[in-house]
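A.B. asks:
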Amino acid sequence: MPNQASSKQSQEQAELKLLELNAAGLDIGAEEIYVCVPSDRDESPIRAFATYTVELHALADWLQACGIKSVAMESTGVYWIPVYEVLEARGFAVSLVNARHLKNVPGRKSDVADCEWIQRLHTYGLLRSSFRPDEEICALRALVRQRHNLVRSRSRQIQLMQKAMEQMNVKLTEVVSDITGLTGLSIIRAIVQGERDPKRLAELRNSRCKKSEEEIAMALEGTYQFEHLFALRQALATYDFYGQQLQDCDQAIESHYASMPDRHPGEETSPPKTSNQKRRKNQPHFDLASSLYQMVGVDLTEIHGIDALTVQAVIAEIGLDMSRWPTVKHYTSWLGLSPYNDISGGKILRTRTKKTKNHANTALRVAAQTLHHSDSALGAFFRRMRAKHGPAKAVTATAHKLARIIYFMIRDRTPYQDPGAQQYEQQHQQRLIRNLKRKAARLGMQLIPAESASDTVPSSLEPAVVS
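Here the sequence shown is numbered in the numbering used here, starting from 26 and rising by one per residue.
(1) What are the uninterrupted segments assigned as alpha helix (DSSP H) that are 4 or more residues long and contained completely in the segment 333-365, given in chain order?
(2) Taking C-alpha atoms, which residue in THR395, SER280, PHE117, GLY206 lies nearest to LYS235?
(3) Grab me the residues of LYS188's own chain with a C-beta within less than 8 Å of its C-beta, minus the 5 sequence neighbours each way, in chain order.
(4) May I ask which residues mark the beginning and end of the alpha helix (DSSP H) holding VAL79?
(5) Check the DSSP bridge columns for MET98 and list the partner residues they point to.
(6) Quick one, are the C-beta atoms of MET434 and THR423 less than 8 Å apart?
(7) Among THR335, GLY404, CYS61, which residue has its Cα nearest to the Cα of ASN386?
(8) Tell me which residue opens and which closes the beta strand (DSSP E) that ARG72 is part of.
(9) Where does ILE328 sit, in a helix, a strand or coil, going by DSSP?
(10) Starting from GLU57, follow its DSSP beta bridges and name the residues at the other end.
(11) Put CYS248 into one of helix, strand or coil per three-state DSSP.
(12) So, SER100 versus ALA48, is the Cβ gap smaller than 8 Å?
(13) Taking the alpha carbon of MET320 as the reference point, which residue from ILE331, ALA392, LEU362, LEU345 has its own alpha carbon closest?
(14) Should PRO440 be labelled buried (16 or more other beta-carbon atoms within 10 Å of its own) or exposed?
(15) The alpha helix (DSSP H) with LYS224 in it runs from where to where?
(16) Beta-carbon separation of LEU168 and ALA277 under 8 Å?
(17) Can you give me the C-alpha to C-alpha distance between GLY361 and ARG166, rounded to a whole angstrom?
(18) DSSP has LYS379 in a bridge; who is on the other side?
(19) Around the Cβ of GLU45, are there at least 16 other Cβ atoms within 10 angstroms (buried) or fewer (exposed)?
(20) By the 10 Å Cβ neighbour count, where 16 or more other Cβ atoms means buried, how is VAL200 classified, buried or exposed?
(21) Smallest Cα separation from VAL354: which of LYS418, LYS426, GLY415, LEU325?
(22) Check GLN442 in the structure and name its three-state DSSP category.
(23) Quick check on this structure: which residue in SER178, THR78, GLU56, MET190 has the alpha carbon closest to the alpha carbon of ARG214?
(24) Going by the DSSP bridge assignment, what does SER154 pair with across the sheet?
(25) Are ILE183 and TYR267 close, meaning C-beta to C-beta below 8 Å?
(26) In whole angstroms, what is the alpha-carbon distance linking LEU313 and LEU41?
(27) Okay, do the segment 48-65 and the segment 137-146 touch, 3+ Cβ pairs below 8 Å being the bar?
(28) Would you kindly work out how many angstroms separate the C-alpha atoms of SER202 and ARG221, rounded to a whole number?
(29) What does the Cβ neighbour count give for LEU175, buried or exposed, with the cut at 16 atoms within 10 Å?
(30) Taking DSSP as the reference, what is the three-state secondary structure of LYS372?
(31) Alpha carbon to alpha carbon, how far is ASP52 from VAL111?
(32) Let's see if you can read the secondary structure: which residues bound the alpha helix (DSSP H) around ASP407?
(33) Counting Cβ pairs closer than 8 Å, one from the segment 146-159 and one from the segment 115-124, do we hit at least three?
(34) By DSSP, does GLN308 sit in helix, in strand, or in coil?
(35) How long is the line joining the alpha carbons of TYR249 and ILE212, rounded to whole angstroms?
(36) What did DSSP end up calling GLN452 once you bin it into helix, strand or coil?
Following this line, the structure appears as structure tokens:
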């Protein structure tokens, strides 16, 4: 039996067709890159190169000398990025492969075996390239992710300021909703500069603050110990530093938008004003909505729950070319918002979304959560999903719907039209009635309205379904 199984496996391998004859495989590390080419191209088909830029160009020269046209590599950390860029600039068709797709392949683990195995799989066309947008979107992606890191770092300093004040029993967070607002920052800066009088600190209260000066003064009675004041001073200085870094990053993003070619010349450069968007914290220091509208050609902020920062986060990940995905289902699957079914024996064992670190996935999920009280069709959909499946699945389903809307708006360049919550509920009710009629017809019955049934059925206990 083992001999029959091995012979069958060898026969199946022999039946595989060679699809990429001029293919190479790369295994990339921090210090060395192992490269494998077909055995008939060089006396030493497996070579090792250093990761210096000069060595990367030497690698490209050797691949060209071997007649290689297509290269496959594993996405290892960030080490693959310079290799990818150099090879792509030299004219190679580069396939970036998810490491998760290679983990299940058995074999001995070594760098030489890895590059040889990648080259063999790529030759038979068994590797699937990961999505990577064009150069302009990749640059935008790097800037947007850098901005996201700066926002997170600045948020950490807010937590440190809160911690220092709590240790001094300064209850500023109890009387001010946001310590980085006008009132909060004014009081913190005065404390750092040496002011300790609670009444004078309370006089810095903004007129829109809900708490009175007396309440704020009571909250500012603290111990003001040296070590905690020192921590507060450093956290405030770091917070201001990240704020300046954030402005510089916004300027770089604005310059990048300005350098991108106008994809829709002769059209309006500013989107129409929408009333369904609320301003949130960490807004950019330029007109982001107009820049996005000029680049995309359609106003994605018309979608309820979607603001300019969400659009920027999504566009920086997916780009503008929707033809990179065969269908909208492939697109939502890449985002990690479609079911990832485990099927065995023809039965679905588990239905879940796959784990992903996709930034667009996170942005859409956050946008979906804001639709809880929205008086729109999307808000009604979210509430219906939450009542039926719970909050977690409701967020996933609504994020999936938002992703589909964005896909079709970018692909077809059609504006978003919200039917409203009331019309959505009416359409949903009509769908339920149609489904009930189909079920009744399959059972040989007829569904009639309750008003009509009361005229024909003498007893109120009789059902409204008659055969």
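Beta carbons are placed, not taken as given, at the ideal position from N, Cα and C, and that holds for glycine. In this text, all values refer to a predicted model and were calculated from it rather than measured experimentally.
C.D. replies: Taking the geometry as given:
(1) 333-343, 353-360
(2) The shortest C-alpha to C-alpha distance from LYS235 to any of THR395, SER280, PHE117, GLY206 is the one to GLY206.
(3) ALA256
(4) 78-90
(5) LEU51, LEU121
(6) No.
(7) THR335
(8) Here the beta strand (DSSP E) through ARG72 covers 71-75.
(9) ILE328 falls in the coil class under three-state DSSP.
(10) ALA75
(11) The sequence given here has Thr at residue 248, not Cys. Of the three classes helix, strand and coil, the one that applies to THR248 here is coil, per DSSP.
(12) Here SER100 is not near ALA48, since their CB atoms are 8 Å or more apart.
(13) LEU345
(14) exposed
(15) That run of the alpha helix (DSSP H) goes 223-227.
(16) Less than 8 Å separates the beta-carbon of LEU168 from that of ALA277.
(17) 18 Å
(18) DSSP lists no partner for LYS379.
(19) With 16 or more Cβ atoms within 10 Å of its Cβ, GLU45 is classed as buried.
(20) buried
(21) The sequence given here places Lys at residue 354; Val does not occur at that position. Of the listed residues, the one whose Cα sits closest to LYS354 is LYS426.
(22) coil
(23) MET190
(24) In the DSSP output, where bridge partners are listed per residue, SER154 has VAL122.
(25) no
(26) 51 Å
(27) yes
(28) 21 Å
(29) buried
(30) In this structure, LYS372 counts as strand in the three-state DSSP scheme.
(31) 15 Å
(32) The sequence shown places Phe at residue 407, not Asp. Start and end: 402-414.
(33) yes
(34) coil
(35) Their backbone Cα atoms lie some 14 Å apart in a straight line.
(36) helix
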